Amino acid sequence: MQTRRVLAAAALAAALTVSTGPAFAGNPFDSGPIADFMNIFKEQAIPRETVAWKGAEKPGTIVVSTSQRRLYYVLGGGQAVRYGVGVGRQGFSWSGEKRVTMKKEWPDWRPPSQMLARRPDLPRFMAGGQDNPLGARALYLGSSLYRIHGSNEPETMGAAVSSGCIRMTNKDVVDLYDRAKVGTRVVVRN
């Protein structure tokens, strides 16, 4: 019965999106509200959970532990939301403090010139969507090339695989995106 309700809700959402016009170009299952809805049902490799927090950071701060491969969103009251993340591989990890300067839903991707120099086979532009390496959401960190973003490779959570960005499952990055504001302090530690 639950499966029928989920399928009925997905069909209704698809019908509503298609009938509302060209708000989302292309396949409505690729990006936008239907894709967000479908991501809810994807299995999490590392489940998100609320945990005890003993750090001195103020509520609303994002703390990334690259050694633990976890991201914490500080709630206050001695608690934080803990997410599994993928971090920079050897030679690409970093630590420091940044601020969220911009947020985007289903962002387009343009590989930076440094990445293109290493990987000339990469496309120069990729429109936002399920196949885009930035996934469902991106939080841009200062004037750096780094972002906290979704991923179409959930199996990389808990691994050191990126070129320095912090990867999350699409389901988790949507949750963090809704919590974090532009201006949010981001602390990255080893």
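Add 168 to a position in the sequence shown, counting from 1, and you land on the number used in the numbering used here. Ideal placement from N, C-alpha and C gives every residue a C-beta, glycine not left out. The model shown is predicted, which means the values in this text are computed figures rather than measured ones.
- Your pair Val242 and Gly223 checks out as a contact, with CB atoms roughly 7 Å apart and the cut at 8 Å.
- For Arg287, the CB contacts under 8 Å within the same chain, skipping 5 residues up- and downstream, are Pro279 in chain order.
- Nearest C-alpha to Arg315 among Val350, Arg216, Gln247, Pro196: Val350.
- Beta-bridge analysis with DSSP links Gln247 to Ala220, Gly244.
- Residue environment analysis places Met336 among the buried positions, since at least 16 neighbouring C-beta atoms fall within 10 angstroms of its C-beta.
- Residue state for Met283 is assigned as helix, using DSSP reduced to three classes.
- Annotated as distal: Arg250 and Ala328, with beta-carbon spacing of 7 Å or more.
- In the structure shown, the three-state DSSP call for Val329 is strand.
- Secondary structure note for Tyr308: it is in no alpha helix (DSSP H), and the uninterrupted beta strand (DSSP E) holding it is 305-309.
- A distance of 7 Å or more separates the beta carbons of Arg305 and Val356.
- Taking Gly303 as the centre and dropping the five residues before and after it, the same chain places the C-beta of His317, Gly318, Ser319, Asn320, Asn338, Val341 closer than 7 Å to its C-beta, in chain order.
- By the 16-neighbour rule on beta-carbons within 10 angstroms, Asn300 is buried.
- About 13 Å separates the beta carbon of Asp346 from that of Arg216, a gap too long to meet the 8 Å contact definition.
- With respect to the C-alpha of Gly332, the residue from Trp262, Lys271, Trp277 having the closest C-alpha is Trp262.
- Judged by DSSP secondary structure, Val268 falls within the beta strand (DSSP E) whose first and last residues are 264-273.
- The C-beta distance from Lys266 to Ser312 rounds to 6 Å, short enough to meet the 8 Å contact threshold.
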